[in-house]
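Asker: Numbering (my numbering), first residue to last: 511 to 676. Idealized CB from N, CA, C, for every residue including glycine. This is the structure I want to talk about, given as structure tokens.
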């Protein structure tokens, strides 16, 4: 048992070489990100298994017609959900490895845009109202504009160098 604990400690130090220098709060953030990464990975694995089972069962037993629009939307909605979860998990891994101390704004905006893209894919135009569609469009433009502004800010920071606030 002691050998297993020693191996675990060595692995943790290799994964996070600056662990000793981290403050208590940074260690807490890293542990929270690690737990979230494990939980998200578990959710992704289960979702992928269920998606695979649904597609294989549907194709083998003929209950799933991929050319039917509603089924196509549902399957690609599930695929987009898994992709969004993967991107979120990838972002958490950066926090665990302390490559980024916090979740970056650009990544959150991109994940939100992915979620909106998923919403547009699964959208049923026969059910959605014009106001709901308008609201989704406004949110898309707002997120896109915010992402553009964040990219502009980052580009200006790179040009002026660290330590300059504009």
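#1: When the Cα atoms are used, what is the spatial distance from residue 654 to residue 643?
#2: Hey, how far is the Cα of residue 582 from the Cα of residue 647?
#3: Does the segment 612-629 come close enough to the segment 583-602 to have 3 or more Cβ pairs within less than 8 Å?
#4: Quick one: which unbroken alpha helix (DSSP H) runs of 4-plus residues sit fully inside the segment 528-575? Chain order, please.
#5: In three-state DSSP terms, what is residue 662?
#6: Buried or exposed: residue 639, going by 16 or more other Cβ atoms within 10 Å of its Cβ?
#7: Assess, as a yes-or-no matter, whether the segment 557-576 is touched by the segment 585-599 under the definition of 3 or more beta carbon pairs within less than 8 Å.
#8: DSSP three-state call for residue 614: helix, strand or coil?
#9: Which one of 627, 658 and 584 has the shortest CA to CA distance from residue 616?
#10: According to DSSP, simplified to helix, strand and coil, what is residue 639?
#11: Considering only the alpha carbon of each residue, which of 631, 663 and 535 lies closest to residue 579?
#12: For residue 540, does the count of other Cβ atoms within 10 angstroms reach 16, so buried, or fall short, so exposed?
#13: Taking only the alpha-carbon atoms, compute the straight-line gap between residue 534 and residue 669 and give it to the nearest angstrom.
Answerer: On the basis of the coordinates in this document:
#1: A straight line joining the alpha-carbon of residue 654 with that of residue 643 spans about 16 Å.
#2: Spanning the two alpha carbons is a distance of roughly 23 Å.
#3: Flag = yes, the segment 612-629 and the segment 583-602 touch.
#4: Correct list: 534-570.
#5: Here residue 662 sits in helix by DSSP.
#6: Residue 639 is exposed by the Cβ-count criterion.
#7: The segment 585-599 makes contact with the segment 557-576: 3 or more CB pairs, one atom from each, lie closer than 8 Å.
#8: Coil at residue 614, not helix or strand.
#9: Taking the Cα of residue 616 as reference, the smallest distance to any Cα among 627, 658 and 584 is reached at 658.
#10: In this structure, residue 639 counts as coil in the three-state DSSP scheme.
#11: For the residues 631, 663 and 535, the minimum Cα distance to residue 579 belongs to 631.
#12: The residue is buried, with at least 16 neighbouring Cβ atoms inside 10 Å.
#13: The C-alpha of residue 534 lies about 34 Å from the C-alpha of residue 669.
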